[in-house]
Amino acid sequence: MEEDQDPQLPSFDFKSFMVQKGNAVDQALDSAVPLRDPVKIHEAMRYSLLAGGKRVRPVLCLASCDLVGGKESMAMPAACALEMIHTMSLVHDDLPCMDNDDLRRGKPTNHKVYGEDIAVLAGDALLAFSFEHIAVSTVGVTPERIVRAIGELAKSIGTEGLAAGQVVDISSEGLTDVGLDHLEFIHVHKTAALLEAAAVLGAILGGGRDEDVEKLRKFARNIGLLFQVVDDILDVTKSSKELGKTAGKDLVADKVTYPKLMGINKSKEFAEKLKSDALELLQGFDPEKSAPLIALANYIAYRQN
Numbered sequence: 000m001e002e003d004q005d006p007q008l009p010s011f012d013f014k015s016f017m018v019q020k021g022n023a024v025d026q027a028l029d030s031a032v033p034l035r036d037p038v039k040i041h042e043a044m045r046y047s048l049l050a051g052g053k054r055v056r057p058v059l060c061l062a063s064c065d066l067v068g069g070k071e072s073m074a075m076p077a078a079c080a081l082e083m084i085h086t087m088s089l090v091h092d093d094l095p096c097m098d099n100d101d102l103r104r105g106k107p108t109n110h111k112v113y114g115e116d117i118a119v120l121a122g123d124a125l126l127a128f129s130f131e132h133i134a135v136s137t138v139g140v141t142p143e144r145i146v147r148a149i150g151e152l153a154k155s156i157g158t159e160g161l162a163a164g165q166v167v168d169i170s171s172e173g174l175t176d177v178g179l180d181h182l183e184f185i186h187v188h189k190t191a192a193l194l195e196a197a198a199v200l201g202a203i204l205g206g207g208r209d210e211d212v213e214k215l216r217k218f219a220r221n222i223g224l225l226f227q228v229v230d231d232i233l234d235v236t237k238s239s240k241e242l243g244k245t246a247g248k249d250l251v252a253d254k255v256t257y258p259k260l261m262g263i264n265k266s267k268e269f270a271e272k273l274k275s276d277a278l279e280l281l282q283g284f285d286p287e288k289s290a291p292l293i294a295l296a297n298y299i300a301y302r303q304n
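In this text, residue positions in the sequence shown follow numbering that gives the first Met the number 0: the first is 0, and each later residue adds one.
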């Protein structure tokens, strides 16, 4: 995506919106996972859960709830659950048996601080507690919608979601005949699935109609894939200093990426189409309430790091 394109809505302050909603999510997470016995595991859970981050998934959940006419309180437990699951995936991804990373968000990774055994258990506990939190703490929503939301979330991280994307990604290392369909499968499941769940949970818990839930599912899938395409482009077009992380990592690791399969220009065209398709799905909703989602799609498309 080109640097000089940045069509943010002039009437909507996306940065302030993200800070405000992110702070609300941080407070809710801090309250949801207090430091209690056994101290060691709760300390490890909080270490990664409260280590910062953009909170894109919980904010997408809250914005989707608002879009269909729900109150923030209806979706906040689900928003927290999504961040717990995202954190679990990072803690487990960083382990020596997976990506073997020592740093995350500028700090030592969980297993470097607490050991591999505690890191595994902290991730497991975050995953288990995410479902308990939705089931126990969601208020003002019918039991039927809560159960439906839990089912959607479980599906997004199992063998039809996150786990499937990760295992196919691991199995693809060193393969020379990986095509676009294969690459899309990995990223739809590994990156887009939890974003889809965020939008879908917000819409379900906010009382959205089935057609609105499905529109938001497709919107989130598009921006999830968009995120990955842009990530791949930035990896080959930006310096490490500009990215704030190691540039060219995919090239060194000989990973299959969109630029490698399509070239830079075609990848940029694909990113533009994903953004356009995403924004088209928001037509028909209240323009004021869809402003955060429009801004989020633009932010993902035009980010520089």
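C-beta: ideal position from N, C-alpha, C; glycine also.
The model shown is predicted, which means the values in this text are computed figures rather than measured ones.
G205 and K288 have their C-alpha atoms roughly 13 Å apart. R103 sits in a strand when the DSSP states are folded into three classes. Under the criterion of beta carbons closer than 8 Å, E131 and L200 do not qualify as touching, at roughly 15 Å.
Close CB contacts of R147 within its chain, under the 7 Å cut and outside five residues either way in sequence, are with I203 (chain order). For C60, the uninterrupted alpha helix (DSSP H) run begins and ends at 55 to 66, by DSSP. In the three-state DSSP reduction, P76 falls in the helix class (H, G or I). Counting C-beta pairs closer than 8 Å gives fewer than three between the region 91 to 107 and the region 56 to 73, which falls short of the contact rule. The beta-carbon distance between L225 and A270, rounded to whole angstroms, is 6 Å. This is short enough to meet the 8 Å contact definition. Nearest to H188 by C-alpha distance, out of A43, K214, T158, is T158. DSSP places F130 in the helix class (H, G or I) of the three-state scheme.
A residue is called buried once 16 or more other Cβ atoms fall within 10 Å of its Cβ, and R208, having fewer, is exposed.
If you compare the alpha carbons of R220, A77, H186, V24 with that of G139, the shortest gap goes to A77.
At a Cβ-Cβ threshold of 8 Å, A118 and V135 do not count as neighbours. For the 8 Å CB-CB criterion, L260 and L182 form a contact. In the structure shown, Q303 adopts coil according to DSSP, grouped into three states.
Put simply, the backbone Cα of Y298 is about 10 Å away from that of K274. Only residues of its own chain outside the window of five on either side were considered, and among them F130, I133, A134 have a CB closer than 7 Å to the CB of I149, listed in chain order.
In the three-state reduction of the DSSP assignment, V138 falls in the coil class, being assigned neither a helical nor a strand state. The alpha-carbon of A31 is positioned some 22 Å away from that of S63. Judged by DSSP in its simplified three-state form, S266 adopts helix. L48 has its alpha-carbon roughly 19 Å from the corresponding atom of T190. Excluding residues up to 5 positions away in sequence, L34 lie with their Cβ nearer than 7 Å to the Cβ of E42 in the same chain.
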